[in-house]
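Scroll down for the structure; my scribbles are underneath it.
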């Protein structure tokens with residue numbers, strides 16, 4: 017019986033139709049409450065192998081399903097309005113009670129939150145993948161809610177900011193949300209050339225930002241007057257100057273204004289004396305204030321909430337009544353303002369200007385002084401350069417990047433990287449739910465970026481993309497090529513090519529290694545994009561550069577767990593031991609190398625790509641996720657330190673980092689590369705041994721893989737459905753030197769399985785067919801390329817780490833009971849009832865993949881002080897050559913041995929050579945040989 021159609025196949029036709037008609041994108045969404053089936057982008061013609069969708073591969077019980085469920089709890093439970101808060105604030109929209117996530121997503125986070133918005137894109141991708149994998153409507157509901165909000169945000173950004181009314185001290189007030197960059201623009205002449213003045217303002221600060229202005233009137237940073245809610249000491253300050261900060265005549269308060277409470281501030285200047293009042297009480301007096309507003313003439317900039325100093329923060333909070341008088345009010349009149357609006361006080365309304373802020377909409381504030389000086393609500397950065405702009409911060413970072421010559425992430429932090437995450441999230445939301453509004457938002461972003469970048473000279477683009485951090489653009493090329501696939505817009509393909517970093521592409525295409533000193537994660541994802549540009553253009557240099565680049569990283573800059581980078585950067589080729597530290601193996605790097613590996617495999621089925629995939633997936637990626645649930649945090653590492661005794665940090669930095677974002681994605685797509693199919697559907701690749709069920713609708717069958725791998729050394733494939741003829745290509749891991757055996761319905765399949773290759777079984781497959789694969793593991797070491805005595809331990813695909821609090825390298829001897837096969841496992845003792853856990857002496861070894869907070873040792877110092885065979889100690893010191901190779905290393909390099917006699921023969925010939933070279937005494941050599949003869953060996 018044919019299996020049911022997958023959710024994917026139900027929408028496949030719709031996806032292709034969308035691609036054909038997307039040049040005129042509708043704005044309506046798919047029917048609310050009716051989740052669409054996940055769709056797939058059409059596979060490029062250049063792909064000789066193609067993936068299955070997440071909805072076509074269901075995870076079975078096991079470590080991957082367990083880890084995913086922990087992340088699904090986060091995807092279900094986290095309040096997405098917190099993520100949307102920064103977008104809504106930037107657009108001047110109500111944010112409700114939502115609190116921004118903080119960390120990289122908050123204005124108080126690293127580099128002033130200059131990367132905010134990126135995490136929302138990651139979260140949308142996670143939700144899309146979660147829906148595709150599980151079919152739970154909660155994920156599509158959340159995606160639609162986020163798409164609703166982002167559609168509203170873009171619309172708000174397209175128009176002038178609108179007054180936000182809030183409860184005031186006396187009635188209605190005007191709210192200035194933090195992150196909106198809104199201020200009140202007062203007309204020129206507001207000061208009226210007055211020779212005396214009173215400033216009166218009711219304010220409710222929402223943030224303790226030093227130097228945030230209540231009032232600032234000036235031409236520049238030389239001639240101005242201001243009233244700040246906080247100075248550098250956190251107290252109110254008034255100042256006036258015609259000679260810059262050093263010539264300011266000022267008044268300082270004595271205490272900070274309380275946050276989220278109304279305070280009244282007033283300043284009077286007359287006859288050389290200035291007085292500052294807070295809540296009707298005099299707090300400062302300066303009898304040497306010779307300057308008055310008249311000294312400033314008619315300032316060009318007259319603002320409420322904005323400073324003439326660009327680096328100062330915009331005032332966040334609310335304004336109620338604001339008045340200016342052309343005289344100094346008395347202390348009694350000031351005191352009366354504490355409990356009354358100016359209009360209801362003895363002083364009356366300000367005669368220079370008077371704003372009550374009673375407006376509940378629109379873009380302007382009426383002046384009730386009688387002078388008609390209507391004020392206007394504005395953004396500090398103006399308006400977007402294109403209606404497609406969408407971000408959680410102003411367009412200023414994109415603008416400033418175009419003139420930067422060096423990195424400064426406190427000014428500009430990878431704006432196109434953040435744009436990539438948002439774009440990717442929108443594309444994934446569209447493909448998951450069929451919501452065409454998400455595609456419209458994505459297409460608009462593409463149009464906006466093209467309108468910006470296409471105007472810039474090529475040299476400017478090359479300079480921008482070469483700047484560390486500020487110029488980082490992540491995987492945006494891949495996303496834009498995908499966008500072009502859906503929209504067909506020529507501008508979108510042209511946009512993708514504007515991100516060419518020619519010096520890097522050309523060097524890698526020529527196989528010239530220039531990676532030393534480069535930021536790793538800034539460059540890995542761009543090569544996945546360049547492969548996709550090859551798919552779209554046929555330009556060979558993109559694909560050649562990406563292939564060569566991958567070979568420069570794997571294995572030359574790779575740690576045993578599959579990670580790369582130290583302190584986020586690459587060092588010299590083959591420098592591994594010399595780079596190990598507390599900040600090795602940034603988790604994003606593994607995520608992006610996996611993406612690049614699978615994309616390269618679509619073009620060339622080199623087993624090395626899937627060997628790497630298994631290594632990184634089973635070790636760094638699994639081990640980067642803590643083994644506990646948390647609705648508020650994804651619990652994913654940023655760095656994985658490989659220093660002795662390192663304890664993983666699953667709540668890195670201040671939160672909402674790039675690695676937590678990619679970690680959310682990784683944990684909801686573990687099954688994306690288990691199975692591939694050839695473009696002609698004549699072969700099925702089984703790349704990973706993972707419990708799962710493949711629904712291959714085109715063939716009318718399912719393949720269920722049942723295994724506890726890697727706790728089980730093999731797997732079973734069971735077929736169901738109608739008959740279909742194709743080749744089954746089973747990956748033979750490069751480490752599988754102990755054999756690889758395949759049976760079909762109990763009968764052995766003839767053929768040679770070569771480690772680091774694929775084993776092919778060709779037949780007509782029918783329901784009920786069972787394929788059994790046996791892959792015996794051996795314990796082996798992998799040596800650091802630059803220090804062979806620094807080693808890491810593997811059992812099959814599993815990196816075994818020692819759990820020990822010591823911060824010194826452990827010194828381990830492993831040859832003591834090595835088997836004739838060369839397997840080191842007999843030297844370890846299995847822990848009963850705890851698969852893949854062992855002891856060596858008092859030291860416990862466990863899989864790296866376990867997300868615990870135990871101190872671990874991924875690397876150790878190999879130390880074999882004496883020659884030991886089969887646990888028989890010869891008493892002879894284990895000599896070493898000048899390069900560090902020991903006698904035992906050279907003996908065991910000949911493994912596997914057919915039997916004990918073969919091993920003894922190897923011992924004798926090696927001893928003879930070392931005696932002849934003067935590296936071992938003859939008598940000691942005879943003792944070594946006799947010990948080998950007496951010993952008993954495991955197989």
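In the working numbering, the protein residues as written are 17 to 955. Glycine included, C-beta positions come from ideal geometry on N, C-alpha and C.
- Taking the continuous beta strand (DSSP E) assigned at residue 444, which residues delimit it? Residue 444 -> not in any beta strand (DSSP E); alpha helix (DSSP H) instead, spanning 431–449.
- Item | Three-way DSSP call (helix, strand, coil) for residue 757 in this model | strand
- Query: Since residue 729 is in the beta strand (DSSP E), which residue starts that stretch and which ends it?
  - Reply: Neither: residue 729 is in no beta strand (DSSP E) and is coded neither H nor E.
- Message: Check for me: the alpha helix (DSSP H) holding residue 412 runs from which residue to which?
- Response: 412–417
- Message: Starting from residue 810, trace the beta strand (DSSP E) in both directions and tell me its first and last residue.
- Response: 803–811
- Message: Less than 9 Å between the beta carbons of residue 214 and residue 352, yes or no?
- Response: no
- Query: Between the C-alpha atoms of residue 32 and residue 59, what's the straight-line distance to the nearest angstrom?
  - Reply: Because residue 32 sits at a pLDDT of 34, beneath the cut-off of 50, its placement in the model cannot be relied upon, and the following sentence gives the value as read from the coordinates. Going by the C-alpha atoms only, they are around 11 Å apart.
- Message: Here's the rule: buried if 16 or more other CB atoms are within 10 angstroms of the residue's CB, otherwise exposed. What is residue 356?
- Response: exposed
- Message: Just verifying my parser: in three-state terms, what is the DSSP assignment at residue 191?
- Response: strand
- Local Cβ density within 10 Å of residue 741, reported as buried at 16 or more and exposed below that: exposed
- Query: What did DSSP end up calling residue 941 once you bin it into helix, strand or coil?
  - Reply: helix
- Query: Which class does residue 835 belong to by DSSP, given the choice of helix, strand or coil?
  - Reply: coil
- Message: Assuming the contact rule is C-beta atoms closer than 8 Å, residue 535 and residue 489 should be a hit. Round their C-beta distance to whole Å, please.
- Response: Not confirmed; about 12 Å, so no contact.
- Message: If I measure Cβ to Cβ from residue 412 and keep anything under 7 Å in the same chain, skipping five residues before and after, which residues do I get?
- Response: 397
- Query: Using a Cβ-Cβ cut-off of 6 Å (strictly less than) and excluding sequence neighbours within five positions of residue 167, which residues of its own chain qualify?
  - Reply: 453
- Would you call the stretch 195–204 and the stretch 260–274 in contact, with 3 or more CB pairs under 8 Å? no
- Message: So if DSSP puts residue 198 in a beta bridge, which residue, or which two residues, is it bridged to?
- Response: 395
- Message: Using 9 Å as the threshold, is the C-beta distance between residue 363 and residue 380 below it?
- Response: no
- Task: Measure the C-alpha to C-alpha separation of residue 523 and residue 546 and round it to an integer number of angstroms.
- Result: 14 Å
- Item | Limits of the alpha helix (DSSP H) - the one that residue 401 falls within | Run containing residue 401: none; DSSP gives neither H nor E here.
- Task: With a cut-off of 8 Å on the beta carbons, I'd call residue 1 and residue 342 a contact; round off their distance for me.
- Result: Here the chain comprises residues numbered 17 to 955, so residue 1 is not present and cannot be evaluated.
- Among the residues of its own chain, which have a CB less than 7 Å from the CB of residue 938, if the five just before and after it don't count? 931
- Query: In chain order, which alpha helix (DSSP H) runs of at least 4 residues are fully inside the stretch 270–299?
  - Reply: none
- Message: With DSSP as the reference, identify every bridge partner of residue 743, one or two as the case may be.
- Response: 699, 778
- If you draw a straight line from the C-alpha of residue 670 to the C-alpha of residue 126, how long is it? 8 Å
- Message: I'd like the list of long-range same chain contacts for residue 942, defined as Cβ closer than 7 Å, with 5 residues on each side in sequence excluded.
- Response: none
- Item | N-terminal and C-terminal residue of the alpha helix (DSSP H) that residue 564 is part of | 556–569
- Item | Among 738, 698, 288, the one whose alpha carbon lies nearest that of residue 778 | 698
- Taking just the CA atoms, how far does residue 927 sit from residue 735? 54 Å
- Message: Give me, in chain order, the residues of the same chain whose beta-carbon lies closer than 7 Å to that of residue 324; leave out the 5 immediate sequence neighbours on both sides.
- Response: 232, 234, 236, 237, 240, 317
- Item | Option in 508, 922, 890, 891 with minimal Cα separation from residue 905 | 922
- Beta-carbon contacts of residue 708 that lie in its chain and below 7 Å, excluding the five residues immediately before and after: 73, 74, 75, 76, 687, 690, 721
- Query: Does DSSP classify residue 150 as helix, strand or coil?
  - Reply: helix
- Item | Where residue 141 falls: helix, strand or coil (DSSP) | helix
- For residue 517, which residues from the same chain have a beta carbon less than 6 Å from its beta carbon, with the 5 sequence-adjacent residues on both sides left out? 481
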